[in-house]
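Heads up: the sequence lines are chains V and R, in that order. Per our numbering, residue 1 is the first one in the first sequence, and the count goes up by one each step. Per our numbering, residue 112 is the first one in the second sequence, and the count goes up by one each step. Backbone N, C-alpha and C define an ideal beta-carbon position, used for all residues, glycine too. What you are looking at is a predicted structure, and each value in this text was computed from that prediction instead of being measured. In what follows, a structure is listed as structure tokens, so that the remarks can point back to it.
Number of protein chains: 2
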Amino acid sequence: MAQTTELDRQSLEKIASFFKVFAEPTRLAILQMLRQGPASVNDIVASLSTSQANISKQLKTLYEADLLTREQRGTQVFYSISEPLVFDLCELVCSKLNRRARAESAVIYEI
Amino acid sequence: MAQTTELDRQSLEKIASFFKVFAEPTRLAILQMLRQGPASVNDIVASLSTSQANISKQLKTLYEADLLTREQRGTQVFYSISEPLVFDLCELVCSKLNRRARAESAVIYEI
DNA sequence: CCTTAATATCACCGTATAGCGATACGGTCA
DNA sequence: TGACCGTATCGCTATACGGTGATATTAAGG
């Protein structure tokens, strides 16, 4: 036996759910935008090419995954990243894909 | 402007696809098992409660994401983890969920 | 109040995919 | 070659979910 513990199905499902949050380009685009600071829903809608309904839906997903904080100011709602893991995860994966891409072409990913 | 570069939609889709591979409990279970060393398809089928067809399908997904290597020995095929990033990713997420879980109950995740 | 703006929710559609049983494929050995 | 074992693929079903337009909700201003 190693130093590892077998994860049961339920734990694996939790981990999978966590990864699933990052497995959608629209949500990644939102996270990327929020990296530069808090933004209102309208700000996000203005900079992404999808409907307001969809932005709200994806924000809810991110919020319920405890990745975002929510602050209401008047009629506007500002979201911001609350979980530093977001940056770690993106760096890890992006630098990986970056290396992989450089091995094939000249495309460079950065975040 | 910060030190960041905006990722276009295509890059975000690549990153999302990468995360999607990790977003399924069965695939995570396979990765967890392969952490202890190479295993044949039958080995994996024996230790997971899903069909051989499904195992083969998920192995293909993992293989095409360049996470696994494939070695045929007779009629058997042995798979093993080829991408160290797998460990980094799991550690990052598991330790995170571990911390989060400890904040709520006494459940401990380890991998 | 009434209007308007900002956000959230609803009902729905279309697509992607996990999972299964059945079957095909490819080695090995008699 | 024929039988058998291990693996991959096929056709299919059921379900999850991203995306949309329409509508509800909530807050500020007149």
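Chain R within 8 angstroms of residue i, Cβ atoms only
i	result
E64 of chain V	no
Q76 of chain V	no
L89 of chain V	yes
L34 of chain V	no
L85 of chain V	yes
Under 8 angstroms between C-beta atoms of residue i and residue j
i	j	result
Y79 of chain V	P38 of chain V	yes
S162 of chain R	D177 of chain R	no
L12 of chain V	L170 of chain R	no
F129 of chain R	L89 of chain V	no
V77 of chain V	V41 of chain V	yes
A134 of chain R	A16 of chain V	yes
Whole-number beta carbon distance between residue j and residue i, since they are thought to touch under 8 angstroms
i	j	result
V132 of chain R	L173 of chain R	7 angstroms
Residue i at chain V interface by Cβ criterion, 8 angstroms
i	result
V204 of chain R	yes
L178 of chain R	no
Discussion item. Tell me which residues of the region 151-170 of chain R have at least one Cβ-Cβ distance to chain V shorter than 8 angstroms, keeping chain order.
Written reply: Cβ contacts with chain V come from no residue of the region 151-170 of chain R.
Worksheet item: If you measure beta-carbon to beta-carbon, which residues of the region 121-139 of chain R are closer than 7 angstroms to chain V?
Response: The residues in question are S122, L123, E124, K125, I126, A127, F129, F130, K131, F133, A134, E135, P136, L139.
Worksheet item: Does the region 141-157 of chain R touch the region 207-214 of chain R, meaning 3 or more C-beta pairs lie closer than 8 angstroms?
Response: With fewer than three CB-CB distances shorter than 8 angstroms, the region 207-214 of chain R does not count as touching the region 141-157 of chain R.
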